[in-house]
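Single-structure report; data block below.
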Amino acid sequence: MSVSPAELSETLRRKDIRDRWFLSAPALILIGVASAGPLLIVVLYSFLAPGSYGDVKWAFSTDGWFNVFFSRDIFDETVSLAEAHFSIFWRSIRVALATTVLCLILGFPTAYFIATRPPHNRSIWLFVITIPFWTNMLIRAFAIQEVIRTEGLVNTLLLKLGIISAPIQMLFTDFAILLGMTYVHLPLMVLPLYASLEKLDFRLVEAAYDLYASRLNVLLKVIVPLVKPGLIAGSILVFIPALSSYVIPRVLGGGKNLMIGNLIELQFGQGRNWPLGAALSVTLVAIVLVALLFYVRNVGKSGGGAHG
Amino acid sequence: MHGIKKWFGNFQAVDDVSLEIRPNEFFTLLGPSGCGKTTLLRMIAGFEMPTEGSIRLDGTEIASLLPNQRPVNTVFQNYALFPHLTVAENIGFGLKMLGRPKAEIAATVAEMIKLVHLEGRGGDPVTQLSGGQQQRVALARALAPRPKVLLLDEPLSALDLKLRKSMQIELKRLQSETGITFVFVTHDQEEALTMSDRIAVMSHGKVRQVGEPWEIYDRPAERFVADFIGDTNFLDVDVVAIEGERARVRLASGAEIPATFPADIRPAGKVTIVIRPEHARAVSTGLSPATPQSVPLSGTVHDVVYLGTDTHFHVRLEDGTNFMVRQQNARSGPCGFAVGDPVGIELSDDVAQILRD
Numbered sequence: 001m002s003v004s005p006a007e008l009s010e011t012l013r014r015k016d017i018r019d020r021w022f023l024s025a026p027a028l029i030l031i032g033v034a035s036a037g038p039l040l041i042v043v044l045y046s047f048l049a050p051g052s053y054g055d056v057k058w059a060f061s062t063d064g065w066f067n068v069f070f071s072r073d074i075f076d077e078t079v080s081l082a083e084a085h086f087s088i089f090w091r092s093i094r095v096a097l098a099t100t101v102l103c104l105i106l107g108f109p110t111a112y113f114i115a116t117r118p119p120h121n122r123s124i125w126l127f128v129i130t131i132p133f134w135t136n137m138l139i140r141a142f143a144i145q146e147v148i149r150t151e152g153l154v155n156t157l158l159l160k161l162g163i164i165s166a167p168i169q170m171l172f173t174d175f176a177i178l179l180g181m182t183y184v185h186l187p188l189m190v191l192p193l194y195a196s197l198e199k200l201d202f203r204l205v206e207a208a209y210d211l212y213a214s215r216l217n218v219l220l221k222v223i224v225p226l227v228k229p230g231l232i233a234g235s236i237l238v239f240i241p242a243l244s245s246y247v248i249p250r251v252l253g254g255g256k257n258l259m260i261g262n263l264i265e266l267q268f269g270q271g272r273n274w275p276l277g278a279a280l281s282v283t284l285v286a287i288v289l290v291a292l293l294f295y296v297r298n299v300g301k302s303g304g305g306a307h308g
Numbered sequence: 309m310h311g312i313k314k315w316f317g318n319f320q321a322v323d324d325v326s327l328e329i330r331p332n333e334f335f336t337l338l339g340p341s342g343c344g345k346t347t348l349l350r351m352i353a354g355f356e357m358p359t360e361g362s363i364r365l366d367g368t369e370i371a372s373l374l375p376n377q378r379p380v381n382t383v384f385q386n387y388a389l390f391p392h393l394t395v396a397e398n399i400g401f402g403l404k405m406l407g408r409p410k411a412e413i414a415a416t417v418a419e420m421i422k423l424v425h426l427e428g429r430g431g432d433p434v435t436q437l438s439g440g441q442q443q444r445v446a447l448a449r450a451l452a453p454r455p456k457v458l459l460l461d462e463p464l465s466a467l468d469l470k471l472r473k474s475m476q477i478e479l480k481r482l483q484s485e486t487g488i489t490f491v492f493v494t495h496d497q498e499e500a501l502t503m504s505d506r507i508a509v510m511s512h513g514k515v516r517q518v519g520e521p522w523e524i525y526d527r528p529a530e531r532f533v534a535d536f537i538g539d540t541n542f543l544d545v546d547v548v549a550i551e552g553e554r555a556r557v558r559l560a561s562g563a564e565i566p567a568t569f570p571a572d573i574r575p576a577g578k579v580t581i582v583i584r585p586e587h588a589r590a591v592s593t594g595l596s597p598a599t600p601q602s603v604p605l606s607g608t609v610h611d612v613v614y615l616g617t618d619t620h621f622h623v624r625l626e627d628g629t630n631f632m633v634r635q636q637n638a639r640s641g642p643c644g645f646a647v648g649d650p651v652g653i654e655l656s657d658d659v660a661q662i663l664r665d
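Protein chains in written order, with our numbering: chain U, 1 to 308; chain Z, 309 to 665.
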């Protein structure tokens, strides 16, 4: 049997493509089962009608999506914008942004400190940073509650020392939410920042000092541009879970000030409106995607990513 | 600088160094790695504080000033260019930090780019440049603010031989064109001899000898200096007499030759002299009866190394010491002697130098 070179190369090419699909099958299956599949189910549910006791009825309905953006008066059926939902979305974004900024402000010096320790000490400091991860977030939230509640550690201490005459209301305030959120998400900022700072060539810092840069300019003109990938990775890692978090706002915010996560949880729980919950979830994913696109475009514009 | 000492914990990196570097000078700190030369440079730059001693620049004490307060710039060993900036932004960084007007920065950067022959590359990211080009950006960046002193920390060590040779000439040209004092650190003795106005040879945190290249090479004061720079023959001799600036020394063969010595000692008794291999010639002993005075040394060839431009004869002297003779291959064809041949060794005038103990 004679095979022309062209036919042979065509056969080999097909075999190559087939092999590639075959070899990447485990990863594709995993992505399908663990990521794309559940997301598709959520999208599907958002277009179904709610069941009476939770669950869904297999009937097409856009009520779930309608209810994300509008509310129908139960008496006169007038349609108005769902202002409650918009304020919760806006509030969640604000809290997530504030958490990201706080984590940056606290995380950068921490990561810088660790990265400038002698190498054998760094792992100890990193270990310390990761210790909170060993405990369930709920337990950590209650621990903070114990510290800041009216009869808690801080108030008792301040009263005993005579600095204040009446306990300060800290629990169930925005302060409590931000404190908890920052505490929980800080390691997610420190670790990628540390990874970037550790790779930073400190001779560049010396070179900047040598060329008459002030401390502030060394930070802004040399260190920050060079660790930008870490800053961005850390910000994304903090912003996304912060946006969708519900344990901290519930335990430390007292459930008064809802965030998207609480709203979604409500629909799948007491609200028994799974399609609305699903539609809200998809909306959340969309917000995150928009935020990510915003980040990616900004990085591309300023020519970052040349280093690291 | 005066009486500089630097301790890192229990390790003394720099031990009581006093040096005077003259304006517009190409001054080299030469020594093996770990001799303290880089530490000394970093103290001039301000990255390290001397544990003791003072550093003065034009009469002003600068030892306690921060690096960004000193009119001193550094070319780093691995260039330390800012990877996120372009060639022009790198060169203009120092001026920008000094708050100079934009127009002045642009003019100086253009001038610097021309000075280091990087025309048309100003907008390129520095990561796209070759090693030699990065080197020149680093030079331009350090020269742009017109420092009083430019410090160079082994800037050529990462380049290949050919590029290194051309950069040596380039550096020398830049120094004479800008009139800036260069303090150059290297472990490469050839580099030091080629470029420097004066050299300080260092080892174990101490300055062993300071002088012009020919003084360092022809009149080494210590065994370390003689050994570190070039090939050397050491001979044990007796001092017979001192005649002004020369001493008469008696070789093992009985011949007496004049020898120079460091100004701060008065040699007596048994001393060691150095003779550079190219200051000696191997001559045939068979033809004319040699007197000890015209041919002070003799022995047997035990190795011949042919190097193209010249040939090295390793001669075992009668008293057993090895002596190397470097002879230029002035004519083509096989070199004069073979292993096992008896040879005499003639010395040029005034080539022996007595070492400090």
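All residues carry an ideal CB built from backbone N, CA and C; glycine is no exception.
query                                                                                                                                                                         : result
For the beta strand (DSSP E) that contains Z:Leu337, what are its first and last residues?                                                                                    : 334 to 338
Return the residue from the list Z:Ser640, Z:Gln441, Z:Asp627, Z:Val612 that minimises the CA-CA distance to Z:Val633.                                                        : Z:Val612
How about U:Glu206: is its C-beta nearer than 8 Å to some C-beta of chain Z?                                                                                                  : yes
Roughly how many angstroms separate the alpha carbons of Z:Val515 and Z:Val509, rounded to a whole number?                                                                    : 6 Å
For Z:Ala353, decide whether its Cβ has a neighbour in chain U, counting only Cβ atoms nearer than 8 Å.                                                                       : yes
Can you list, in chain order, the residues of its chain whose CB lies under 7 Å from that of U:Leu159, leaving out five sequence neighbours each side?                        : Pro167
From the DSSP output, which residues share a beta bridge with Z:Gln636?                                                                                                       : Z:Asp618
By Cβ distance below 6 Å, which residues in the same chain neighbour U:Phe133 in space, the five residues on each side in sequence not counted?                               : none
Taking beta-carbon pairs under 7 Å, can you tell me which members of the region 218 to 244 of chain U lie near chain Z?                                                       : Val222, Pro225, Leu226
Determine the direct distance from the alpha carbon of Z:Tyr525 to that of Z:Phe285, and round the result to whole angstroms.                                                 : A question about residue 285 of chain Z goes unanswered here, because the residues of chain Z that appear run from 309 up to 665.
Which ranges does the alpha helix (DSSP H) cover as unbroken runs of at least 4 residues, wholly within the region 432 to 493 of chain Z, from first to last along the chain? : 439 to 451, 469 to 486
How would you label U:Tyr53, buried or exposed, when you count the other beta carbons within 10 angstroms and need 16 or more for buried?                                     : exposed
If you scan the region 87 to 134 of chain U from start to end, which runs of the alpha helix (DSSP H) of 4 or more residues do you find wholly inside it?                     : 119 to 130
Between Z:Leu406 and chain U, is any beta-carbon pair separated by less than 8 Å?                                                                                             : yes
Would Z:Thr346 count as contacting chain U if we go by Cβ distances under 8 Å?                                                                                                : no
In whole angstroms, what is the alpha-carbon distance linking U:Ile248 and U:Ile260?                                                                                          : 12 Å
Short of 8 Å Cβ to Cβ, which residues in the region 111 to 124 of chain U face chain Z?                                                                                       : none
Could you check whether the Cβ of Z:Thr382 sits closer than 8 Å to any Cβ belonging to chain U?                                                                               : yes
Which whole-angstrom value describes the C-beta separation of U:Gly253 and U:Phe172, a residue pair presumed to lie in contact below a C-beta threshold of 8 Å?               : 6 Å
Sort out for me which residues DSSP pairs Z:Asn630 with in a bridge.                                                                                                          : Z:Arg624
So is U:His120 buried or exposed if we call it buried at 16+ other beta carbons inside 10 Å?                                                                                  : exposed
So, does the CB of U:Ala306 fall closer than 8 Å to a CB anywhere in chain Z?                                                                                                 : Confidence at U:Ala306 is low in this model, with a pLDDT of 41, below 50, so the placement of that residue should be treated as unreliable; the coordinate-derived value is given next. So, interface residue.
Cutting at 6 Å between CB atoms, please list the residues of its own chain near U:Leu258, excluding the five before and the five after it.                                    : Ile88
Rounding to the nearest angstrom, what Cα-Cα distance links Z:Leu403 and Z:Met503 in this structure?                                                                          : 28 Å
Taking the C-alpha atoms as reference points, what is the distance between Z:Ala646 and Z:Thr486?                                                                             : 52 Å
Considering Z:Thr568, what are the terminal residues of the beta strand (DSSP E) in which it resides?                                                                         : 564 to 568
Could you compute how far the alpha carbon of Z:His425 sits from the alpha carbon of Z:Ile413?                                                                                : 18 Å
What residue range does the beta strand (DSSP E) around Z:Thr382 cover?                                                                                                       : 380 to 383
Taking 7 Å as the cut-off, is the beta-carbon of Z:Ile581 closer than that to any non-hydrogen atom of the ligand FAD?                                                        : Looking for the ligand FAD in the displayed structure turns up nothing, as the structure carries no ligands at all.
What whole-angstrom Cβ distance do Z:Gly607 and Z:Val623 have, given they're in contact under 8 Å?                                                                            : 4 Å
Nearest-angstrom Cα distance between U:Phe113 and U:Leu157?                                                                                                                   : 30 Å
Can you check which of these residues, Z:Ala571, Z:Leu482, Z:Ile488, is closest to Z:Glu523 by C-alpha distance?                                                              : Z:Ala571
Could you work out which residues of chain Z lie near U:Ser214, taking near to mean beta carbons separated by less than 8 Å?                                                  : Asn376, Met405
Just the Cα atoms here: how many angstroms apart are U:Ser244 and U:Ala291?                                                                                                   : 13 Å
How would you write the range of the alpha helix (DSSP H) that Z:Thr347 sits in, first residue to last?                                                                       : 345 to 353
Starting from Z:Ala396 and walking both ways along the alpha helix (DSSP H), at which residues does that stretch end?                                                         : 395 to 405
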